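Chemist: Have a look at the structure that comes next, please.
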Amino acid sequence: MAISQPWNIVFTIGFVVYVTTRGKFATLTKHNQPINRRVGLHDRALLAGMVVTSLLFPVIYLLTPLFSFADYKLPVWVHSGGVVLMVFGLWLFWRSHVDLGLNWSATLETRRGHELVRHGVYRRVRHPMYAAIWLFSFAQALLLDNWLAGWAVVMTFCVMYFVRLPNEEAMMLSTFGKAYEDYMSETGRLFPFAK
Ligand code: SAH
489 MAISQPWNIV
499 FTIGFVVYVT
509 TRGKFATLTK
519 HNQPINRRVG
529 LHDRALLAGM
539 VVTSLLFPVI
549 YLLTPLFSFA
559 DYKLPVWVHS
569 GGVVLMVFGL
579 WLFWRSHVDL
589 GLNWSATLET
599 RRGHELVRHG
609 VYRRVRHPMY
619 AAIWLFSFAQ
629 ALLLDNWLAG
639 WAVVMTFCVM
649 YFVRLPNEEA
659 MMLSTFGKAY
669 EDYMSETGRL
679 FPFAK
């Protein structure tokens, strides 16, 4: 089974941390009352795509031989790069969840008492959680030597990111007005100082 390979064990540890972090904050925010939901059909489809490619595909690859037709072999230095991306991605994922607190939600919505977060990792970057998901998705691609288990999530998240971002920023602008406009002028999307 693929899970017994050393790099796959490293990925599995990171994967458990990733899923546990999300689970912990999903529990914390489950009583949130949304007041403005903008979840269209394409948003639901993309979320479902993320669940399949970021959760189901790695599990199938690690625990069954079903995806072995799409296997390949990457050198050690590529895997090591994957570990670096994974560690930084996990830290940023956890930190952005902590900073967003009760304002986080998996979908596009604002909640009762929603506050505009501008501190912590949100001080210079507007989308640190998406930056973390980019990092973890690329780590998955560099660590799992399989086209489906590794790269499908990068493609799904790429579509999700470019579809969701303009809608999310429009929602934040209509909720917070000038405050979000000012925030946008002071921050980069994924990188500090890069608008
Ligand atoms: N795009 C952000 C947050 C992702 S979670 C990031 O990548 O870090 C998505 C939810 O977070 C959205 O539905 C929105 O309600 C909320 N959100 C996004 N930016 C926020 C901010 N600066 N302050 C408070 N809530 C925010």
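First residue of the sequence shown? That's 489 in my numbering, and the numbers climb one at a time after it. In this text, a Cβ means the ideal position worked out from N, Cα and C, and glycines have one as well. Note that the structure is predicted; figures quoted are calculated from it, not measured.
Could you tell me the distance, in whole angstroms, from the CA atom of residue 550 to the CA atom of residue 639?
Modeler: 15 Å
Chemist: Would you check whether the ligand SAH has a heavy atom nearer than 8 Å to the C-beta of residue 599?
Modeler: Because some heavy atom of the ligand SAH lies under 8 Å away, the Cβ of residue 599 counts as near it: yes.
Chemist: Report yes if the C-beta of residue 684 is less than 8 Å from at least one heavy atom of the ligand SAH; otherwise report no.
Modeler: Here the chain comprises residues numbered 489 to 683, so residue 684 is not present and cannot be evaluated.
Chemist: Please report the straight-line C-alpha distance between residue 634 and residue 572, rounded to a whole angstrom.
Modeler: 19 Å
Chemist: Quick check for students: name the residue ranges of the alpha helix (DSSP H) that lie wholly in the stretch 595-666, counting only runs of 4 or more.
Modeler: As far as the stretch 595-666 is concerned, its whole alpha helix (DSSP H) runs of at least 4 residues are 616-631, 640-664.
Chemist: Please state whether the Cβ-Cβ distance between residue 588 and residue 610 is less than 9 Å.
Modeler: yes
Chemist: Check residue 526 in the structure and name its three-state DSSP category.
Modeler: In the structure shown, residue 526 falls within a coil segment according to DSSP collapsed to helix, strand and coil.
Chemist: Would you list the residues sitting across from residue 676 in a DSSP beta bridge?
Modeler: 613
Chemist: Check this for me: beta carbons of residue 568 and residue 641, under 9 Å apart or not?
Modeler: no
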